[in-house]
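The block underneath contains the structure these notes are about, expressed in structure tokens.
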């Protein structure tokens, strides 16, 4: 069974860049929120402003929702990767402790 289960010694490092990706997405989300705020405040409520909002508001909301979704899923991947690495390290240590008793 042990031959079937292999864990990379640097498994946690394989997920290290995902934290950076998540930080970048968070920064991008903040920028988009700021852009949305500026768009809402600057277009006005006349006919041109209303036409502008009809064209811009929905895609911007969709972009924000998509980015939030990707950011949350990436966070789940990061958490799962770290937990998996911890579980495998603990299992490896426990197996070593058990084998020392023989």
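In this note's numbering, the protein residues as written are -19 to 82. All C-beta atoms in this analysis are idealised placements derived from N, C-alpha and C, irrespective of residue type, glycine included. Here the structure is a predicted model, which means the values were calculated and not measured.
query, result
"Inter-stretch contact at 8 Å, needing at least 3 Cβ pairs: the segment 58 to 65 / the segment -12 to 8", "yes"
"8 Å CB neighbourhood of residue 28 in its chain, flanking five on each side removed", "none"
"Meets three-Cβ-pair contact criterion under 8 Å: the segment 71 to 80 and the segment 22 to 38", "no"
"When 52, 78, 77 and 68 are compared against residue -10, the one with the closest alpha-carbon", "68"
"The alpha helix (DSSP H) enclosing residue 66, as first and last residue numbers", "27 to 80"
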